[in-house]
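Novice: Take a look at the following structure, please.
Residue numbers (the working numbering), protein chains in the order written: chain A, 4 to 160; chain B, 3 to 194.
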């Protein structure tokens, strides 16, 4: 591809102001001496000019208001969701803390009665573990039911 | 600068900032979506979806990045998903009918003075609009972003997720196709 052909390929980009400064300089120098490219460049100009002057379609004020209302509702929902999420983390952390603490307390208390409990001791531990698991299961079911109810309420709203 | 402040406020949960951003970007965003999907009803729906997506994702937006490019990228992804779902062929194929819904009065620029100038200018814009609507989606997109939205080539590259060289190549091809379309419709350059 010779210089002339290379420049010719840049002419469309020249009217789109999409050339590097070096390319712009190259094009400017070439069109000064090449009538064909100069004419070609002039042929591109009205297209670029009309494209820049195309009317901007306006969204209706109804659309903007409706978008704003929906976005605000989403924003509020998101904020509520984030708050619930944070609350859930705190509750779970507290539950874990309570469980761990209760195990430590149980250990201390059970140590005192270990001799009295004797062979029943292992059964006590199993019972305690089962009770803890049941507690967690009940908590999980409650959380799921709460989430389903919230989703239902949101759908109705 | 003002946009950056609004984005920061929105990230903090300020609903007024959201209102200001929607007002600020409404024309540009709606025009971009309309150029891509060509149907006003679809553009309106995507306009709403884009702002809902903004609300959803604003916390993950890196404030040091260009908000314009981020916003248009969200809109683009939604529009392309929509086209793939509704009219997969429309991503490549031109539309048979004109897409634009503006009337002649909308097309007249204040720079045109006499009634004849107005009529001729309106006619030229109709021709350009129709020819542009006949181009494939990626060419319509690059034309609107460069000429109507006056985005920099680098910004267009960010929005369309392609290298700068590809943007330039698309821009050149889109202009060439537009010119061929105009010359085919109006031989001898009569559209000018």
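Even glycine gets a Cβ: it sits at the ideal position worked out from N, Cα and C.
Computed from a predicted model, the values in this text were never measured in an experiment.
Mind pulling the chain B residues with CB within less than 8 Å of residue 69 of chain A?
Specialist: 50
Novice: Shortest alpha-carbon distance to residue 39 of chain B belongs to which of B:88, B:133, B:153 and B:173?
Specialist: B:88
Novice: Below 8 Å on the Cβ atoms is my contact criterion, and I expect residue 19 of chain A with residue 173 of chain B to pass it. Report the Cβ-Cβ distance as a whole number of Å.
Specialist: 6 Å
Novice: I believe residue 48 of chain B touches residue 80 of chain B by the beta-carbon criterion, under 8 Å. Please report the beta-carbon distance rounded to the nearest angstrom.
Specialist: Right, the Cβ-Cβ distance comes to about 5 Å (below 8 Å), so this counts as a contact.
Novice: Quick one: what's got a C-beta closer than 7 Å to residue 47 of chain A's C-beta in the same chain, skipping five residues either side?
Specialist: 14, 15 and 18
Novice: Quick check: is the beta carbon of residue 66 of chain B nearer than 8 Å to any beta carbon in chain A?
Specialist: no
Novice: So, is the C-beta of residue 58 of chain A closer than 8 Å to a C-beta in chain B?
Specialist: yes
Novice: On the CB-based measure, 16 or more other CB atoms within 10 Å of its CB, does residue 33 of chain A come out buried or exposed?
Specialist: Result: buried.
Novice: Given a cut-off of 8 Å, decide if residue 156 of chain B and residue 166 of chain B are closer than it, judged by their beta-carbon atoms.
Specialist: yes
Novice: Measuring straight from C-alpha to C-alpha, what distance separates residue 44 of chain A and residue 11 of chain A?
Specialist: 8 Å
Novice: Measuring straight from C-alpha to C-alpha, what distance separates residue 56 of chain B and residue 31 of chain B?
Specialist: 13 Å
Novice: Can you find a C-beta in chain B that's less than 8 Å from the C-beta of residue 101 of chain A?
Specialist: no
Novice: Would you say residue 97 of chain A lies against chain B (beta-carbon separation less than 8 Å)?
Specialist: In terms of beta-carbon proximity, residue 97 of chain A stays away from the interface with chain B, with every pair separated by 8 Å or more.
Novice: Taking 8 Å as the CB-CB limit, is residue 50 of chain A close to chain B?
Specialist: yes
Novice: Tell whether a beta-carbon distance below 8 Å holds between residue 53 of chain A and residue 127 of chain B.
Specialist: yes
Novice: Under the three-state reduction of DSSP, which class applies to residue 131 of chain A: helix, strand or coil?
Specialist: The answer is helix: DSSP assigns residue 131 of chain A an H, G or I state.
Novice: What span of residues does the alpha helix (DSSP H) with residue 46 of chain B cover, start to end?
Specialist: 42-59
Novice: Mind listing which residues of the stretch 136-156 of chain A have their C-beta closer than 8 Å to chain B's C-betas, in chain order?
Specialist: none
Novice: I believe residue 19 of chain B touches residue 6 of chain B by the beta-carbon criterion, under 8 Å. Please report the beta-carbon distance rounded to the nearest angstrom.
Specialist: Contact annotation, residue 19 of chain B with residue 6 of chain B: C-beta distance approximately 11 Å; criterion of less than 8 Å not satisfied.
Novice: For residue 108 of chain A and residue 85 of chain A, what's the separation of their Cα atoms in angstroms?
Specialist: Rounded to the nearest angstrom, the two C-alpha atoms are 34 Å apart.
Novice: With C-beta atoms as the reference, is residue 149 of chain B less than 8 Å away from residue 51 of chain A?
Specialist: Closer than 8 Å, so yes.
Novice: Per DSSP, what kind of secondary structure is residue 176 of chain B in: helix, strand or coil?
Specialist: helix
Novice: Quick one: which residues of the stretch 120-135 of chain B get their C-beta closer than 7 Å to a C-beta of chain A? List them in chain order.
Specialist: 126, 127, 130 and 131
Novice: State the Cα-Cα distance for the pair residue 176 of chain B and residue 43 of chain B, rounded to the nearest angstrom.
Specialist: Cα to Cα, residue 176 of chain B sits roughly 26 Å from residue 43 of chain B.
Novice: So for residue 154 of chain A, helix, strand or coil by DSSP?
Specialist: helix
Novice: Between residue 24 of chain B and residue 53 of chain B, how many whole angstroms is the CB-CB distance? I'm expecting something under 8 Å.
Specialist: 6 Å
Novice: I'd like to know whether the C-beta atoms of residue 28 of chain B and residue 60 of chain A end up nearer to each other than 8 Å.
Specialist: no
Novice: Could you tell me whether the Cβ of residue 141 of chain B comes closer than 8 Å to any Cβ of chain A?
Specialist: no
Novice: For residue 67 of chain B, which option in B:90, B:26, B:84 and B:161 has the closest C-alpha, if you only look at C-alpha atoms?
Specialist: B:161
Novice: Determine whether the Cβ of residue 149 of chain B lies closer than 8 Å to any Cβ atom of chain A.
Specialist: Chain A, which has a Cβ nearer than 8 Å to the Cβ of residue 149 of chain B, makes this yes.
Novice: Taking only beta-carbon positions, decide if residue 59 of chain B is within less than 8 Å of chain A.
Specialist: no
Novice: In whole angstroms, what is the alpha-carbon distance linking residue 94 of chain A and residue 154 of chain A?
Specialist: 20 Å
Novice: Return the chain-ordered list of same chain residues with a C-beta closer than 7 Å to the C-beta of residue 111 of chain B, the five sequence neighbours on each side being excluded.
Specialist: Here the model assigns residue 111 of chain B a pLDDT of 43, short of 50, so the residue's position is not dependable and the matter cannot be decided.
Novice: Which chain B residues are close to residue 66 of chain A, counting only those with a beta carbon under 7 Å from its beta carbon?
Specialist: 46 and 49
Novice: Can you give me the Cβ contacts of residue 104 of chain B inside the same chain, cut-off strictly under 7 Å, excluding the 5 residues immediately before and after it?
Specialist: A caution first: residue 104 of chain B carries a pLDDT of 38, below 50, which makes its placement in the model unreliable, though a value can still be read off. Taken in chain order, the list of residues that qualify is empty.
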